[in-house]
Structure formats: C-alpha cells, structure tokens
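Residue numbers (the working numbering): 13 to 173.
All residues carry an ideal CB built from backbone N, CA and C; glycine is no exception.
All values reported here derive from a predicted model rather than from experimental measurement.
Quick notes on the structure that follows.
Take a look at the structure:
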C-alpha cells in the first residue's frame with residue numbers, strides 16, 4: 013500500500029519501512045565486518061607470548077583434528093587451504109592454514125587468541141570450545157602447514173595408528 017502524505021511525500025504501509033531499515037542495518041554490519049577484515053589481524057603482545065599448556069602429543073593432535081573437522085573444515089577446507097564449501101561464499105577468504113610463511117609468523121598464543129576471539133566472519137570459539145580444545149586445535153593447525161613440530165606430530169600420529 014502506497015499513499016501520499018503532506019509532509020514526507022510517499023508513505024509505504026505494511027511494514028516495508030521496517031524491512032528496509034533492517035536491510036540497511038544488515039548491509040552496514042556486513043560492510044563493517046568486511047572493512048574490519050581488511051585490517052591486519054594481530055594478537056596483542058601479551059597473548060602472542062602465551063605458551064601452549066597442552067602437551068604436544070599425537071593424542072592432542074588427533075583431538076585437534078576432530079575439533080577442526082567438526083568446526084573449521086567447512087570454511088578452511090579439508091586440508092586447511094581456506095577453500096572450504098562455506099568459505100568459498102564469503103567475501104573475505106578464510107586464512108590459508110597451509111601457508112608455511114603465515115604459520116611461521118603466528119605463535120601458538122596468537123593462534124589461540126584468534127580462535128578464542130574471532131573476527132568478522134570468523135566466529136569466536138570461547139563459549140563453544142574449552143581452553144584445552146582450543147589448544148589442541150592449535151596443535152592440529154600446526155600440522156596443516158607442514159612446518160615445525162606439527163609435521164613431526166602428524167607423522168607420529170600416523171605411525172601410532
């Protein structure tokens with residue numbers, strides 16, 4: 013229903029104003045999230061320096077793999093290249109966890125912080141995953157880039173099966 017008013021020109025009845033307002037707010041939030049993603053994502057120094065309290069064992073890597081498959085693979089992909097089914101539709105691609113250079117620049121503490129806090133389209137996992145699960149996930153993510161101790165743990169995990 014469209015009718016003309018004296019003060020404002022045209023008036024859209026039937027709740028279309030609310031729908032238009034909702035759409036504009038949703039678009040603004042989406043653009044803000046995208047703009048936020050364009051900025052470098054670095055953990056605070058205090059969090060970067062935090063050491064992983066979960067021992068790096070084949071068991072913790074295996075537990076981290078299960079968590080990754082249940083929660084991360086849909087965006088980051090099976091091998092962690094950022095090519096998951098859900099990630100392909102995002103305006104900002106998920107991180108490529110196989111990128112050796114990127115992964116060497118991230119400390120365990122910074123990975124844990126990013127998993128915990130999230131940003132933009134990356135959800136925060138603080139309420140969904142325990143501290144131990146998030147640290148196990150860090151161990152597994154390390155295996156995806158085939159650098160550092162992660163590669164050794166992945167090999168150990170395969171040998172023990």
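query, result
"With respect to the alpha helix (DSSP H) encompassing residue 75, which residues constitute its N-terminal and C-terminal limits?", "70-83"
"If contacts are defined as beta-carbon pairs under 8 Å, then residue 150 and residue 123 qualify, I think. What distance do you get, rounded to the angstrom?", "5 Å"
"For the putative contact between residue 152 and residue 77, defined by C-beta atoms under 8 Å, what is the C-beta separation to the nearest angstrom?", "5 Å"
"Give the range of the alpha helix (DSSP H) segment to which residue 108 is assigned.", "Here residue 108 belongs to no alpha helix (DSSP H), and DSSP marks it neither H nor E."
"Work out the CA separation of residue 92 and residue 158 for me, nearest whole Å.", "11 Å"
"Under 8 Å, with one C-beta from each stretch per pair, do the region 55-69 and the region 85-100 reach the 3-pair mark?", "no"
"Quick one, which of 125, 147 and 137 has its alpha-carbon nearest residue 57's?", "125"
"Using a 10 Å radius around the Cβ and a threshold of 16 neighbouring Cβ atoms, would you call residue 155 buried or exposed?", "buried"
"Rounded to whole angstroms, what's the CA-CA distance from residue 116 to residue 90? Just pull it up for me.", "20 Å"
"Name, in chain order, the residues that DSSP records as bridge partners for residue 131.", "134"
"So, with DSSP's three-state summary, where would you put residue 51?", "coil"
"Please name the residue in 132, 107, 144 and 140 whose C-alpha comes closest to that of residue 87.", "107"
"Using the Cβ count rule (16 or more neighbours within 10 Å means buried), how would you classify residue 98?", "exposed"
"Note the first and the last residue of the continuous alpha helix (DSSP H) segment covering residue 144.", "143-156"
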